[in-house]
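For the sequence shown, our numbering assigns the number 556 to the initial residue and increments by one for each residue that follows. Note that beta-carbon positions come from the ideal geometry of N, C-alpha and C, so glycine has one too. Bear in mind that the values here come from a model prediction, so they are computed numbers and not experimental data. As structure tokens, the structure follows; a few thoughts come after it.
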Amino acid sequence: MQLKAQFQCASGCNQAYSLNQIIYRCEQCGGLLQVVHDVDQLRKRHAKSWIELFEQRYMRTIFPYGSGVWGKKELVCPNVEDENVISMYEGGTNLFWAERFGHEIGLSDLWIKQCGNSHTGSFKDLGMTVLVSMVNQMLSEGQPIQAVICASTGDTSAALSAYAAAAGIPAIILLPKAKVSTTQLIQPIANGALTLALNTDFDGCMTIIQQLAQTEGFYLANSMNSLRIEGQKTVSIELVQQFDWAVPDWVIIPGGNLGNVTALGLGFLMMRDLGLIEKLPRIVCAQAERANPLYSSYRNNFETFEILKAQTTLASAIQIGNPVSVWKAIKTLKQFDGIVEQATEAELAEVVAQADQTGLFNCPHTGVALAALLKLVKRKEIQRNDQVIVISTATGLKFPAFKIGYHENTLAEIESKHANSPIELDPDYDAIRRVIDRRIA
Ligand SMILES: *Cc1c(COP(=O)(O)O)cnc(C)c1O
Ligand SMILES: [Zn+2]
556 MQLKAQFQCA
566 SGCNQAYSLN
576 QIIYRCEQCG
586 GLLQVVHDVD
596 QLRKRHAKSW
606 IELFEQRYMR
616 TIFPYGSGVW
626 GKKELVCPNV
636 EDENVISMYE
646 GGTNLFWAER
656 FGHEIGLSDL
666 WIKQCGNSHT
676 GSFKDLGMTV
686 LVSMVNQMLS
696 EGQPIQAVIC
706 ASTGDTSAAL
716 SAYAAAAGIP
726 AIILLPKAKV
736 STTQLIQPIA
746 NGALTLALNT
756 DFDGCMTIIQ
766 QLAQTEGFYL
776 ANSMNSLRIE
786 GQKTVSIELV
796 QQFDWAVPDW
806 VIIPGGNLGN
816 VTALGLGFLM
826 MRDLGLIEKL
836 PRIVCAQAER
846 ANPLYSSYRN
856 NFETFEILKA
866 QTTLASAIQI
876 GNPVSVWKAI
886 KTLKQFDGIV
896 EQATEAELAE
906 VVAQADQTGL
916 FNCPHTGVAL
926 AALLKLVKRK
936 EIQRNDQVIV
946 ISTATGLKFP
956 AFKIGYHENT
966 LAEIESKHAN
976 SPIELDPDYD
986 AIRRVIDRRI
996 A
């Protein structure tokens, strides 16, 4: 099957551009671009045959098809030659039944899709493998790309630095100073990226990166580059595959720049177009109350959207007041009978700790999604037997200061209801025994 995807203006003027062109916005109208596939061609293969193909490849070793992303290459980015793919076996993350936590909150069928169990510890790997592979393809065609660049709230820069390093392409990273975790900061440093910590917030970094992106030879890796969305959309295909091609009732996902919720929707729509599934789930996008422009718009039936100045939140990866993919996300939410919820700092921190005590190990953004879930269960919008999937976007291991602060009860405005701080003792058997006996009745 000879397949080619291309960029197309997403603002309605439909102007098309080649995927190996260095372009992020429509030259005609300035709109964002989206990747469109040759769906007629793709539909020539029967749904059953797609499923067989995806099952054959899933988590196997034939490069690059064992990757959760490249196993769906035809639906993601057929334009890249296999030999130019830069993959670190991303995707294939565990989807598990959170039985005990579900039971605690009154749900019998709650599942967590652990996207943070990936090469750099967040779902950003799914999109970055596609973008960097396309850059590698362009380099092989002789295009003069000197560096890949991005502004980041932490996880995008970790993913870009790793994939760029694997490809041997220089990376330039702009981060808001002191607003990412130490782990997130050390990732681009370790991978050899030029790492610039700016005295501003993410939206401030974004302004500068858009200026840098005008430089010939610099390739922009932020999620306004829709190649990333194509990789990220495999999350929905993968989770449906993990359910033997059945569709859940609800998917809950935290949102900042709103590329990921868009990608989630696109994956489901593509499966429906190809006959792999028949129904769509409802999608819930969860925002931090301190960075909630989409929530405000939702409350207003999406009639208006207002950019705001994001306040400091523990959910630092979604501390964004001017989300680049907002119009795509709103379109997606309308197609999926979507809901937007929000979570306060206390709500997200307490639910993370509660869920961790049932064996999870959540990042604060997953906490925002879990807090939204609690609200929807309480309102009975989500019913006891509904099948619910929470997209966990990063590993909790990236956020040690958040976890230690919580358990030592030093986070501002947080009560730490579930604190469990370590008890320091001398190596004295009787003293140790007394502490144990007090706790384990
Ligand atoms: C990037 C990121 C998000 C938000 O994704 P958007 O596409 O910006 O909405 C959520 N959680 C984590 C951990 C992230 O890194
Ligand atoms: Zn246009």
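Check: With a CB to CB cut of under 6 angstroms and the five nearest residues on each side skipped, what residues in its chain are close to T950?; Outcome: G671, G676
Check: What does the alpha-carbon distance come out to for the pair G682 and V594?; Outcome: 21 angstroms
Check: Bridge partners for A726 per DSSP, in chain order?; Outcome: V703
Check: Is V813 close to ligand 1? I mean its beta-carbon at under 7 angstroms from any heavy atom of the ligand.; Outcome: Just to set this straight, residue 813 is Leu in the shown sequence, not Val. L813: yes, Cβ under 7 angstroms from ligand 1.
Check: Between which residues of its own chain and P633 is the CB-CB distance below 7 angstroms, once the five residues before and five after are set aside?; Outcome: L558, K559, A560
Check: Got a list of residues with beta-carbon closer than 6 angstroms to any non-hydrogen atom of ligand 2, in chain order?; Outcome: C564, S566, C568, Q570, C581, Q583, C584, G586
Check: Buried or exposed, going by whether 16 or more other CB atoms sit within 10 Å of the CB of D758?; Outcome: buried
Check: Spell out the partners DSSP gives P731 in its beta bridges.; Outcome: L753
Check: Can you tell me the Cα-Cα spacing of S673 and Y613, whole angstroms?; Outcome: 15 angstroms
Check: Let's see if you can read the secondary structure: which residues bound the alpha helix (DSSP H) around K883?; Outcome: 881-890
Check: Using the C-alpha atoms, what's the distance from L819 back to V943?; Outcome: 14 angstroms
Check: Taking 8 angstroms as the cut-off, does the region 697-704 touch the region 781-800 (at least 3 CB pairs, one atom from each stretch)?; Outcome: no
Check: Output the distance between the C-alpha atoms of D804 and L835, rounded to the nearest integer angstrom.; Outcome: 8 angstroms
Check: Would you mind sorting Y984 into buried or exposed? The rule is 16 or more other CB atoms within 10 Å of its CB.; Outcome: exposed
Check: Please go through the same chain and pick out, in chain order, the residues whose beta-carbon is closer than 8 angstroms to the beta-carbon of E659, but skip the five residues on each side of it.; Outcome: Q909, T913
Check: What's the gap between the Cα of E900 and the Cα of G822?; Outcome: 31 angstroms
Check: Please say whether A846 and G1031 have beta carbons closer to each other than 8 angstroms?; Outcome: This structure gives no information on residue 1031, because the portion of the chain shown stretches from 556 to 996.
Check: Given a threshold of 16 other Cβ atoms within 10 Å of its Cβ, counted over all protein chains shown, does P977 qualify as buried or as exposed?; Outcome: exposed
Check: Pull up the CB-CB distance for Q596 and A565, whole angstroms please, since I reckon it's below 8 angstroms.; Outcome: That belief does not hold up - the Cβ atoms of Q596 and A565 are roughly 21 angstroms apart, past 8 angstroms.
Check: Say yes only if the C-beta of A901 is nearer than 7 angstroms to one or more non-hydrogen atoms of ligand 1, and no if none qualify.; Outcome: no
Check: Enumerate, from N- to C-terminal direction, the unbroken beta strand (DSSP E) stretches of 3 or more residues contained entirely within the region 910-958.; Outcome: 943-947
Check: So, helix, strand or coil for A720, using DSSP?; Outcome: helix
Check: If we ignore side chains and look at the alpha-carbon of each, how far apart do C918 and V631 end up?; Outcome: 28 angstroms
Check: Along the chain, where does the beta strand (DSSP E) that runs through F857 open and close?; Outcome: Run containing F857: none; DSSP gives neither H nor E here.
Check: Using a threshold of 7 angstroms, is the CB atom of P809 nearer than that to any non-hydrogen atom of ligand 1?; Outcome: yes
Check: With a threshold of 7 angstroms (Cβ to nearest heavy atom), would A872 be considered close to ligand 1?; Outcome: yes
Check: Taking only runs that begin and end inside the region 775-846, name each unbroken beta strand (DSSP E) of 3 or more residues, in chain order.; Outcome: 805-809, 837-843
Check: Near K627, what residues of its chain come up, given a Cβ to Cβ distance below 7 angstroms and the 5 sequence neighbours on each side ignored?; Outcome: F609, T789, I792
Check: Sort V806, N964, A865, E896 by Cα distance to K933 and report the nearest one.; Outcome: E896
Check: Counting only the same chain and skipping the five closest in sequence on each side, list residues whose C-beta sits under 6 angstroms from that of A722.; Outcome: I641, V687, N691
Check: Among V881, D911, F891, A926, which one has its Cα closest to the Cα of E902?; Outcome: A926
Check: What whole-angstrom Cβ distance do A924 and I808 have, given they're in contact under 8 angstroms?; Outcome: 6 angstroms
Check: Under 8 angstroms, do Y579 and M779 count as touching if we go by C-beta distance?; Outcome: yes
Check: So, with DSSP's three-state summary, where would you put S677?; Outcome: strand
Check: Counting pairs of beta carbons, one from the region 730-748 and one from the region 712-720, are three or more of them closer than 8 angstroms?; Outcome: yes
Check: Hey, could you find the ends of the beta strand (DSSP E) L665 is sitting in?; Outcome: 665-669
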